[in-house]
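Written below as structure tokens is the structure these notes are about.
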Amino acid sequence: MAHETTYSAEHEAPQFITFENNTLLPALFGHHDQHVARIEHSLGVMVTSRGNQLALTGPTDAVNMAKKVFAELYAMLEGDFPVTLAEVDAVLRIESNVRLDLEEGPQSKIVVHTPKRRILPRSSNQVQYVKALRESELVFGVGPAGTGKTYLAVAIALSMMSQGEVERLILSRPAVEAGERLGFLPGDLREKVDPYLRPLYDALYDMMPADKVNGYLQGGEVEIAPLAFMRGRTLSNAFVILDEAQNTTPVQMKMFLTRLGENSRMAVTGDLSQVDLPRGVQSGLAHALSVVGQLKGTQVVEFSDVDVLRHPLVTKIVKAYNKHENSTDSSYGNNGSSPVKKST
Numbered sequence: 440m441a442h443e444t445t446y447s448a449e450h451e452a453p454q455f456i457t458f459e460n461n462t463l464l465p466a467l468f469g470h471h472d473q474h475v476a477r478i479e480h481s482l483g484v485m486v487t488s489r490g491n492q493l494a495l496t497g498p499t500d501a502v503n504m505a506k507k508v509f510a511e512l513y514a515m516l517e518g519d520f521p522v523t524l525a526e527v528d529a530v531l532r533i534e535s536n537v538r539l540d541l542e543e544g545p546q547s548k549i550v551v552h553t554p555k556r557r558i559l560p561r562s563s564n565q566v567q568y569v570k571a572l573r574e575s576e577l578v579f580g581v582g583p584a585g586t587g588k589t590y591l592a593v594a595i596a597l598s599m600m601s602q603g604e605v606e607r608l609i610l611s612r613p614a615v616e617a618g619e620r621l622g623f624l625p626g627d628l629r630e631k632v633d634p635y636l637r638p639l640y641d642a643l644y645d646m647m648p649a650d651k652v653n654g655y656l657q658g659g660e661v662e663i664a665p666l667a668f669m670r671g672r673t674l675s676n677a678f679v680i681l682d683e684a685q686n687t688t689p690v691q692m693k694m695f696l697t698r699l700g701e702n703s704r705m706a707v708t709g710d711l712s713q714v715d716l717p718r719g720v721q722s723g724l725a726h727a728l729s730v731v732g733q734l735k736g737t738q739v740v741e742f743s744d745v746d747v748l749r750h751p752l753v754t755k756i757v758k759a760y761n762k763h764e765n766s767t768d769s770s771y772g773n774n775g776s777s778p779v780k781k782s783t
């Protein structure tokens, strides 16, 4: 790990952090020192490299945070985790009292091992979400797109499958967001529903080699199906994920939740600001949160725009829409005439 020495004269005096393994420093600093530049810009500090030592100058609190960030990134590299700008942003984002605890080793409850890659949560809410998915039989992940709700649920499911904790993974979502009118789409049933399930396929292929994904799909260990296909089934020894749950009705949500069988887990994900149901139809996700969200064995993790982990502009877009939707002066809404109101 990194060894650090603090010079405690004035708060503007430099503080130093020293790294034992010089070979990790190029990856720590980034191409053309872009990681260092991002930390400087984000925290308002100045960083100077002196061999295997960094000198950090700036306000005391900012410098202390920068030291934590560099130490965390260095620990990731020591643990053979790649560090990109995304990881730098993630560590900057995580609250100072939330540690990734990479030194716990492969049994850590934070690191998620999938057949193709190891995955780290990139925000404090993602840390909470990963822990909830491991601990609880029913987890609701609620928040904006791009916060990793479905992606992390798939990762945990594959990890549990590889360890023999569950036998199969079932992923479902409403096939058509505004009423499932599949008959108007071209092709057979598979061709009709596949476009709406594509994000689930994308997550699988990102975490497993293509041949393994195809083998699981053909063998039934992994099943991707529209929500309507869940009726009448009891899903045992499975990890079941319902994506885009805000577009279910209360009746559909009750049907889905009551499919839970022995030795199974469920993750329900959705964004209550993106309900596409007809006006006047209550979201099954909002209804379920009020009815079963506090039951023992259930956890609810709420994400916000600060957890958006896609392109930085996406975070700004989400914030802009939230500001617009919360404004009492908004003159455009769902029907172009009234302000948008968030589901509750």
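Each residue of the sequence shown is one higher than the one before, counting from 440 in the numbering used here. For every residue, glycine included, the Cβ atom is placed at its ideal position computed from N, Cα and C.
| query | result |
| --- | --- |
| Cut-off 6 Å between Cβ atoms - residues of its own chain near residue 642, not counting five sequence neighbours on either side | 590, 593 |
| Euclidean distance between Cα positions of residue 720 and residue 714 | 10 Å |
| Residue 579 and residue 728 closer than 8 Å at C-beta | yes |
| Straight-line Cα distance separating residue 607 from residue 701 | 13 Å |
| Stretch-stretch touch, CB-based, cutoff 8 Å, three pairs: the stretch 473-481 with the stretch 505-514 | yes |
| Proximal residues to residue 487 (C-beta, below 6 Å), its chain only, five neighbours per side dropped | 494 |
| As assigned by DSSP and simplified to three states, the class of residue 583 | coil |
| Meets three-Cβ-pair contact criterion under 8 Å: the stretch 681-698 and the stretch 648-655 | no |
| Rounded C-alpha distance that separates residue 453 from residue 603 | 51 Å |
| Residues of its chain near residue 572, where Cβ-Cβ distance is below 8 Å and the 5 sequence neighbours each way are ignored | 578, 591, 592, 595, 704, 706 |
| Any beta strand (DSSP E) of 3 or more consecutive residues that is wholly inside the stretch 707-744 | 737-741 |
| Coarse secondary structure for residue 526, derived from DSSP in three states | helix |
| Nearest-angstrom Cα separation, counted from residue 658 out to residue 650 | 12 Å |
| Residue environment, residue 639, which counts as buried when at least 16 other CB atoms sit within 10 Å | buried |
| Under 8 Å between C-beta atoms of residue 501 and residue 483 | yes |
| Sub-8 Å separation of residue 611 and residue 699 beta-carbons | no |
| Inter-residue spacing [alpha-carbon to alpha-carbon] between residue 765 and residue 569 | 30 Å |
| 8 Å Cβ cutoff met for residue 491 and residue 524 | no |
| Beta-carbon spacing of residue 646, residue 555 below 8 Å | yes |
| Contact set for residue 599: own chain, Cβ-Cβ below 7 Å, skip 5 residues either direction | 605, 678 |
| Proximity of residue 746 and residue 584 at Cβ, strictly below 8 Å | no |
| Whole beta strand (DSSP E) elements within the stretch 560-605, 3-residue minimum | 577-581 |
| Length of the line joining the Cα atoms of residue 575 and residue 586 | 20 Å |
| Where the beta strand (DSSP E) containing residue 662 begins and where it ends | 661-665 |
| Residue from 695, 513, 505, 601 with nearest C-alpha to residue 661 | 601 |
| Nearest-angstrom Cα separation, counted from residue 676 out to residue 697 | 15 Å |
| Whole-angstrom C-beta distance between residue 609 and residue 674, which should lie under 8 Å | 6 Å |
| Endpoints, beta strand (DSSP E) assigned at residue 611 | 607-612 |
| DSSP state of residue 499 mapped onto helix, strand, coil | helix |
| Cβ pair residue 497, residue 742 closer than 8 Å | no |
| Residue of 505, 468, 461, 740 minimising C-alpha distance to residue 522 | 468 |
| Residue 692 and residue 724 closer than 8 Å at C-beta | yes |
| Secondary structure of residue 494, DSSP reduced to three states | strand |
| Residue 456 - DSSP class collapsed to helix/strand/coil | strand |
| Coarse secondary structure for residue 766, derived from DSSP in three states | coil |
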